[in-house]
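Residue numbers (the working numbering), protein chains in the order written: chain P, 386 to 616; chain D, 3 to 266. Ideal Cβ positions, reconstructed from N, Cα and C, are used throughout, including at glycine. Keep in mind that this is a model prediction, so the values were computed, not measured.
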Amino acid sequence: MKFGDAGSSWSKLFTAGDDSVKIVPTRELVAGDFRFDWGTGHTARNRSERFENDLIALSSGALALVDDDDFTVLDLGSRDAKLVAFAGRRPVKLDWSVGCASATGATLEMLGKFYDIDWEAIEVEDKWTPVTCGTYAIERIMDQVSAGESATRAIGRFVHGLARNCFDFTGKPDKLYLSGGFTLNRPFVEVLRRYTEVVLMGRTVPLSGLWSLAREENPEIGEIPKALLNW
Amino acid sequence: MLLNRKTLSEIIVSNSRVIGFWGAPPGRDLEEASRRFDGATFFDLDVFYDAKKSGAVPDAFCHIIRNCVDNAIALGDRLHCVVAATGPEKCDAGRFAARLVEEITGVEVVVTVNEGRKDPGAPLLCESRGSLKKRIIRTMEAIIEPLTSDEQRRAMADRCEPTHGFWGTPPHPIEVLDLFPETTHVFGWTRCVEQGRPADLDLETTVPDGLPIVFFSQGFCAKSMLAKQLAHKHRGMHVDVHDTLSAATMAKIEAFIRLSGVKT
Chain P
386 MKFGDAGSSW SKLFTAGDDS VKIVPTRELV AGDFRFDWGT GHTARNRSER
436 FENDLIALSS GALALVDDDD FTVLDLGSRD AKLVAFAGRR PVKLDWSVGC
486 ASATGATLEM LGKFYDIDWE AIEVEDKWTP VTCGTYAIER IMDQVSAGES
536 ATRAIGRFVH GLARNCFDFT GKPDKLYLSG GFTLNRPFVE VLRRYTEVVL
586 MGRTVPLSGL WSLAREENPE IGEIPKALLN W
Chain D
3 MLLNRKTLSE IIVSNSRVIG FWGAPPGRDL EEASRRFDGA TFFDLDVFYD
53 AKKSGAVPDA FCHIIRNCVD NAIALGDRLH CVVAATGPEK CDAGRFAARL
103 VEEITGVEVV VTVNEGRKDP GAPLLCESRG SLKKRIIRTM EAIIEPLTSD
153 EQRRAMADRC EPTHGFWGTP PHPIEVLDLF PETTHVFGWT RCVEQGRPAD
203 LDLETTVPDG LPIVFFSQGF CAKSMLAKQL AHKHRGMHVD VHDTLSAATM
253 AKIEAFIRLS GVKT
């Protein structure tokens with residue numbers, strides 16, 4: 386049984402029985418003939434026998450992996466931010482900032498490549514760049530760099546602004562479960578922890594959600610495999 | 003009284019004239035208009051018919067009010083008159099739109115206020131099982147063509163326990179309603195209309211505890227403040243939609259319904 390979470394930039398693929406998740410650029414997925422039994426993410430829609438929307442996959446995964454009654458999960462990846470807040474394990478807030486893509490992972494990846502950034506060298510400062518719109522923020526970074534600021538510091542402020550936005554977007558919870566590619570971005574996680582307790586869940590929560598949904602229909606597939614519990 | 007179910011374009015190219023209306027005007031005003039114009043049919047101006055944008059209403063404005071104004075302007079002399087709801091059962095924008103349409107088209111606009119019936123009627127369609135979209139459309143049609151005895155009997159026989167709730171006005175786009183299961187009960191203004199009390203704020207804000215409810219508000223509608231607060235109070239989900247139903251909004255509603263439904 387094949388599971389796929391096909392995001393805008395990266396696709397996470399898992400086949401039952403495998404001991405790891407395969408992560409490939411989505412452009413390879415688009416060029417190839419990948420098919421899934423269960424899929425999520427807009428690129429998977431026409432490649433899946435069973436398709437679940439991103440919020441359902443994320444929510445199902447979060448409910449399967451987190452025991453708390455009340456909790457908030459933010460999935461921050463390449464293009465967009467998805468949020469689910471539960472109270473009594475019922476969703477009370479669902480949000481998906483699919484419209485404005487500028488301030489998320491793809492932008493940071495591009496900035497990193499453009500300025501040849503070593504992410505481990507990014508230092509998080511108290512100052513931040515307001516990220517009301519990612520395009521303006523990029524302009525601000527370019528202005529700062531051309532004025533003599535180091536790209537590392539300018540991008541650090543951008544990351545700080547992004548973390549503040551995420552904290553506001555999630556409703557400023559005391560504890561935040563973070564899913565998606567940004568769990569791997571050390572400066573982002575570090576600065577987000579200035580605002581709230583952060584639990585890192587890795588990039589496979591939606592895949593865990595798909596597994597849980599598949600198990601509801603066929604309990605014989607068993608518990609969520611260890612390969613998906615990489616957090 | 004009869005409802006005209008033709009499209010806007012069909013009416014424009016025909017030789018017939020209609021009585022336009024919006025909101026839920028009092029029955030006596032609708033009947034009076036029907037008498038004055040020899041039983042002419044009624045045309046619901048709230049509905050989206052893809053009328054040419056008149057530009058009379060700003061883009062950042064309630065889409066339902068824009069429908070009312072653009073439809074009326076597009077119909078022009080195909081209208082005998084417009085029976086406009088302008089009281090608390092509609093909104094301030096209903097009152098302003100009445101003035102605007104009269105000025106732009108020169109068509110007579112009958113300004114009405116619906117105080118509502120003394121005792122609320124039964125919420126038949128709001129609590130019966132079946133397509134939510136069809137039930138809400140029929141509820142609005144019933145302003146002109148009340149339910150027949152057969153329909154009332156069927157609705158009572160089909161009454162169901164709710165798994166979900168929809169609160170709000172008929173939405174634009176109406177396809178929002180296709181996302182809900184057949185066991186969805188209707189609350190808010192739409193229910194007030196079925197119960198004959200469209201201005202009853204207490205009835206409008208009454209919802210059962212524990213039922214997962216989507217509180218819908220049309221973008222730029224003042225009811226959004228009710229929707230937001232009620233969603234917070236009853237742990238439901240507030241959804242605000244303007245012109246189009248985005249993939250994100252659709253996913254939110256689908257996820258809420260899927261993850262919070264009462265299993266029957």
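- Taking a C-beta distance under 8 Å as the contact criterion, D:A74 and D:P27 do not qualify as a contact pair.
- Separation of D:W191 and P:I502 (C-alpha to C-alpha, rounded to the nearest whole angstrom) is 55 Å.
- Taking D:L205 as the centre and dropping the five residues before and after it, the same chain places the C-beta of P122, R193, C194, Q197 and R199 closer than 8 Å to its C-beta, in chain order.
- The alpha-carbon separation between P:I408 and P:S593 amounts to approximately 15 Å.
- With its beta carbon less than 8 Å from one in chain P, D:F258 belongs to the interface.
- When DSSP states are grouped into helix, strand and coil, D:E33 belongs to the helix group.
- Around the CB of P:N431, fewer than 16 other CB atoms lie within 10 Å, so the residue is classed as exposed.
- Using a 10 angstroms sphere on the CB of D:R137, the tally of other CB atoms reaches 16 or more, which defines it as buried.
- A buried status is given to P:S444, since no fewer than 16 other beta-carbon atoms sit within 10 Å of its beta-carbon.
- The beta carbon of D:F45 sits closer than 6 Å to the beta carbons of N6, V20 and G22 from its chain, once the five residues preceding and following it are set aside; these are given in chain order.
- Under the criterion of beta carbons closer than 8 Å, D:K230 and P:W481 do not qualify as touching, at roughly 18 Å.
- Contact of D:K230 with chain P by beta-carbon distance below 8 Å is absent, the smallest such distance being about 12 Å.
- Note on geometry: alpha-carbon atoms of D:A100 and D:V113 lie some 7 Å from one another.
- By the neighbour-count criterion, in which 16 or more other beta carbons inside 10 Å mark a residue as buried, P:L585 falls on the exposed side.
- Against chain P, the beta carbon of D:R80 has no neighbour under 9 Å; the closest one sits roughly 38 Å away.
- Per DSSP, the unbroken beta strand (DSSP E) holding P:P410 starts and ends at K407 to P410.
- Between the alpha carbons of P:F388 and P:L561 lies a distance of about 26 Å.
- Less than 8 Å separates the beta-carbon of P:S463 from that of P:S393.
- Boundaries of the beta strand (DSSP E) around P:R435: S433 to F436.
- In this structure, DSSP gives D:H244 a state outside helix and strand, which the three-state scheme calls coil.
- Each of D:V115, D:D31, D:S11 and D:K92 was checked against the Cα of D:C223, and the nearest Cα belongs to D:K92.
- Taking 8 Å as the upper bound on Cβ-Cβ separation, chain P lies near no residue of the region 51 to 68 of chain D.
- Take P:A506, set aside five residues on each side of it, and the residues of its chain with a beta-carbon closer than 7 Å to its own are T537, in chain order.
- For P:V477, same chain residues with a beta-carbon under 6 Å away, outside a window of 5 residues either side, are A470 in chain order.
- At a cut-off of 8 Å between C-beta atoms, P:V458 does not count as an interface residue with respect to chain D.
- Beta-bridge annotation (DSSP): D:G167 is paired with D:H187 and D:I215.
- Distance from the CA atom of D:D48 to the CA atom of P:E434, rounded to whole angstroms, is 40 Å.
- A straight line joining the alpha-carbon of P:T425 with that of P:T400 spans about 14 Å.
- If you look at P:W596, you'll find it in the alpha helix (DSSP H) that goes V590 to E602.
- Annotation note: the region 124 to 166 of chain D contains the following uninterrupted alpha helix (DSSP H) runs of length 4 or greater, listed N- to C-terminal: 134 to 143 and 151 to 159.
- Rounded to whole angstroms, P:F421 and P:M386 show a C-alpha spacing of 8 Å.
- Less than 8 Å separates the beta-carbon of D:F39 from that of D:H82.
- Around D:M142, no beta-carbon contact reaches into chain P at under 7 Å, the shortest distance being about 28 Å.
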